[in-house]
Amino acid sequence: MGDDAAVYDAEFKAYLTKNKWSKHFDYAPIDVIAPYCERDCVYAGMMLAVYERYIEETQQGRVWSTERAVTKVLWEMEHAGIGTDLEYARGQLVPMKERLEDVTSSIYGYSGYEFNINSTQQLNKVMGNLGVKSTVKTTKNNPSWAAQALAQVKHPIANAILEQRGLGKLVKDYFEKALEWEDGVQHASFKNWGAVTGRMSCANPNLHSVAKNPQDLSGDVDVALLAGAKAIVGGKAVGAKYSDETEGLVSVRRMYVPRPGYRLYMLDYSQMEMRIFADYVKDEVLSALCEDPLFDFHDHVAEQVWGVSKGDEMWDFYRFKAKGINFGLVFGMGINALSLAIDSTKDEAKRYKAEYFDRFPRAYEFIDLVSKTVEQRGWIRNRFNRRYWIDYDRSYVGVNYLIQGTGADIVKEAMVGIREFLVERDLMSRQLVQVHDEIIMEIPDDERELVLPVVMGIMEKRRIETYLPVEASVGGPSWAQKTVVELAA
DNA sequence: TCGATCACGC
DNA sequence: CGCCAACGTGATCGAA
C-alpha cells in the first residue's frame, strides 16, 4: 500500500469542504470525484481480502454469508417501503399541536415566565425557583430532569414537562416526518450490523423506536382508562388498546398501513432473549419447558425461586422481581441498577439475586464463565461464531452480546430463508420491517394460507437446541392493532 | 462541530 | 454472588 486510506480519505474530505462540495458528492466536478471513487473501490477490495482471511481463520463464514444474503432483503425492504396513512397523519397533527400549545402554556403558568423548556439549564433554574429538587444525577453529576427524576417530583409541572417532551417528539420525528414522503410510502434505511452485537439498526425514520403506547390528547383521564390504560404518565396511555373509535388518543403505529391488496402481518418471537438465555444456561428443565410456546419465563422464575403461584397474594410482587432480575441478568445489570429496576433497596436486591442463583446455579456459572473468558482472553463468540472483542473493564456486557447477537443472527437467517421462499415461488408477499425479534410483512389475502405457515416454519426452524416459538398477528388494519392469527393444524 | 441530555424502541 | 442495565437514532441546547 503506497498511501494510507484513512489519511487520504480525511484529506480528500477536507478538500471537498474547502470548496463547499461536502454537502453532497454530486456537487464536486467529475474529475475531482472520480479518482476518489476509484480509490474507494480499490481500498474496499484490499480490505475485503484482509477480512476474508480473518473470517476464515475465525470460522465466521456462516455469519458472513448470512450478512451478504440479508443485504438483498434489506435492499428490497427499503425499496418496498411501508405505507402510511397521510390523511391520518395530517388530521392528527392539528389536535397534537393544539395540545402541545396548551401544555406549553401550562408549564409557563407554573414557572411564571416563558423559557426554553428544551434547555435543561433553563429548566433547572425554573425548578429551583419552584423549590423542587432532583434526586437523580446526570452522568456529569448535574441534577437530572429526565423522566426518571420527574417521576419523583410532586409538583404538577413534572407531568406537563413529560407530556411536552413526548408529544413534541411524536410530532417532529414521526408525524411531520411522514409528510416528507408525498406518495405515502416511507423508505427507511436499514444497516446490516448497525449495532456491535450484530443487531440491525434503522434510520430516517427509525422504525425501531416507534412509540407503542397511544398518546392522550384530551387531558381527560377517563378517555385513556376507557381504552384499558393502566396509567397515564406524561400523556402516555400506558397499556391502552388503540381504537379509531376512541376519541382523544393518537397512535404513531396507526399511521402505518398496508397498501391496496395487502394486509399487514406481525411475526413475533415469544420471549426470544429469555429462551436463548435458557439455551446458554443449559438447564435441561428450563429448556424442556420452552417446548411449550406459551411458557412464560418470568412466571416460572417467580414460582421456582419464591414458591408463589398465580392468584397468591404476593404473586404480582414476586413476578415483578422475577422479571426485573431476568432482564437484569441478560443486560449485565449491577446491583444498583437492579435495585432501581425492581423497586427494592440494594440489600434486598442482593438477597433476591442470591435466591435466584440458589435456585438456578447454572445461570450463575454461565454468567461467571462469560465474564471470566472476556477478562482472560479478550473475546467471546456467539452460537454462530460471531466474534466479540470486549475490553476487560466491560466484561459484564458479554452475556448480553451473546444473547442479543445470537437472536440477531437467528432473525437474519430467517429473513434470508423467507426471501428465498418468496422468490422461488414468485409470490407478491414481502418483508417490510424487522424490529429485532419481529418481522413485519405485507401479504395479499390469496397468499396468506400458503405464506403464513411456511414463514413461521422458517422462523421456528431449530438453529439452536431450544425451541423459539413465533406468534403471528394480523394488523387491524394498521400497525396499532394486532389480532393473533390461529393457524389451522 | 460535538458532547451532553433527553425521548422512543427491543 | 457489591462497582457497570445492553444495543440503537434523533432532536436540541450550548460550549468550544
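Per the UniProt record's numbering, the first sequence starts with residue 1, numbered consecutively. Think of the CB as a built atom: it goes at the ideal place given N, C-alpha and C, for glycine as much as any other residue. Quick caveat: nothing in here was measured; it's all calculated off a predicted structure.
{"Item": "Are three or more beta carbon pairs between the region 196-208 and the region 121-133 nearer than 8 Å?", "Value": "no"}
{"Item": "For proline 477, which residues from the same chain have a beta carbon less than 8 Å from its beta carbon, with the 5 sequence-adjacent residues on both sides left out?", "Value": "Val257, Pro258, Arg263 and Leu264"}
{"Item": "Are the beta-carbon atoms of valine 70 and lysine 412 separated by less than 8 Å?", "Value": "yes"}
{"Item": "Mapping the DSSP letters down to three states, classify threonine 197 as helix, strand or coil.", "Value": "coil"}
{"Item": "Report the three-state DSSP secondary structure of glutamate 182 (helix, strand or coil).", "Value": "coil"}
{"Item": "Could you have a look at glycine 2 and say whether DSSP puts it in helix, strand or coil?", "Value": "For glycine 2, the predicted model reports a pLDDT of 45, less than 50, meaning its position is unreliable; a value from the coordinates is still stated below. Residue state, collapsed to three classes: coil."}
{"Item": "With DSSP collapsed to three states, give me the class of serine 209.", "Value": "helix"}
{"Item": "List the whole-angstrom C-beta distance separating arginine 275 from threonine 466, where the pair is believed to meet the contact cut-off of C-beta under 8 Å.", "Value": "5 Å"}
{"Item": "If distances are taken between C-alpha atoms only, which option among Trp379, Met415, Cys202 and Asp445 comes closest to lysine 72?", "Value": "Met415"}
{"Item": "Here's the rule I'm using: 16 or more other beta-carbon atoms within 10 Å means buried, otherwise exposed. How should glutamate 365 be labelled?", "Value": "exposed"}
{"Item": "For tyrosine 108, which beta-bridge partners are listed by DSSP?", "Value": "Tyrosine 108 is not bridged to any residue."}
{"Item": "Bridge partners for leucine 100 per DSSP, in chain order?", "Value": "Leucine 100 pairs with nothing; no bridge assigned."}
{"Item": "Since tyrosine 43 and phenylalanine 12 are thought to touch, with beta carbons under 8 Å apart, how far apart are those beta carbons, to the nearest angstrom?", "Value": "Rounded, the Cβ-Cβ distance is 12 Å, inconsistent with contact."}
{"Item": "So what's alanine 231 in DSSP terms, helix, strand or just coil?", "Value": "strand"}
{"Item": "If you draw a straight line from the C-alpha of tyrosine 110 to the C-alpha of isoleucine 335, how long is it?", "Value": "37 Å"}
{"Item": "Kindly list the residues whose CB is nearer than 8 Å to the CB of methionine 1, restricted to its own chain and excluding five residues on each side of it in sequence; keep chain order.", "Value": "For methionine 1, the pLDDT reaches just 42, beneath the cut-off of 50, and the residue's location in the model is therefore unreliable, although a value from the coordinates is still provided. Counting only Cβ-Cβ distances below 8 Å, and skipping sequence neighbours, we find Met46."}
{"Item": "Just to confirm, are isoleucine 380 and leucine 402 a CB contact at a threshold of 8 Å?", "Value": "yes"}
{"Item": "Pair every Cβ in the region 207-215 with every Cβ in the region 162-173, then say whether three or more of these pairs are closer than 8 Å.", "Value": "yes"}
{"Item": "Between the C-alpha atoms of leucine 432 and glutamate 114, what's the straight-line distance to the nearest angstrom?", "Value": "44 Å"}
{"Item": "Do you know how far the Cα of asparagine 206 is from the Cα of arginine 39?", "Value": "32 Å"}
{"Item": "Measuring straight from C-alpha to C-alpha, what distance separates glutamate 273 and glycine 328?", "Value": "12 Å"}
{"Item": "Using beta-carbon positions only, say whether methionine 96 and valine 185 come within less than 8 Å of one another.", "Value": "no"}
{"Item": "Based on the DSSP secondary-structure assignment, which residues constitute the bridge partners of glutamate 471?", "Value": "Asp268"}
{"Item": "CB of isoleucine 440 to nearest heavy atom of the ligand GTP: below 7 Å?", "Value": "Among the components of this structure there are no ligands whatsoever, and the ligand GTP is therefore not found."}
{"Item": "Can you say whether cysteine 41 is buried or exposed, counting buried as having 16 or more other CB atoms within 10 angstroms of its CB?", "Value": "exposed"}
{"Item": "What does the alpha-carbon distance come out to for the pair alanine 337 and leucine 468?", "Value": "29 Å"}
{"Item": "Please look up how many angstroms separate the CB atoms of serine 119 and serine 134, rounded, as I've assumed it's under 8 Å.", "Value": "No, serine 119 and serine 134 are not in contact; Cβ-Cβ is about 15 Å, not under 8 Å."}
{"Item": "Looking at C-beta atoms only, is the number of pairs between the region 154-162 and the region 231-249 that lie closer than 8 Å three or more?", "Value": "yes"}
{"Item": "Where does proline 214 fall in DSSP's three states?", "Value": "coil"}
{"Item": "Excluding five sequence neighbours on each side, which residues of the same chain lie with their C-beta closer than 6 Å to the C-beta of glutamate 355?", "Value": "Val305"}
{"Item": "Taking the alpha helix (DSSP H) that lysine 241 falls in, what are its first and last residues?", "Value": "Careful: lysine 241 lies outside any alpha helix (DSSP H) and carries neither H nor E."}
{"Item": "Apply the 10 Å Cβ neighbour rule to asparagine 19 and answer buried if 16 or more other Cβ atoms are within range, or exposed otherwise.", "Value": "exposed"}
{"Item": "Within 8 Å, do at least three Cβ pairs link the region 137-152 to the region 47-55?", "Value": "no"}
{"Item": "Just list the residues that DSSP pairs lysine 191 with in beta bridges.", "Value": "Ser201"}
{"Item": "According to DSSP, is glycine 81 part of a helix, a strand, or is it coil?", "Value": "coil"}
{"Item": "In this structure, what does DSSP give as the bridge partners for leucine 170?", "Value": "The partner list for leucine 170 (beta bridge, DSSP) is empty, contrary to what the question assumes."}
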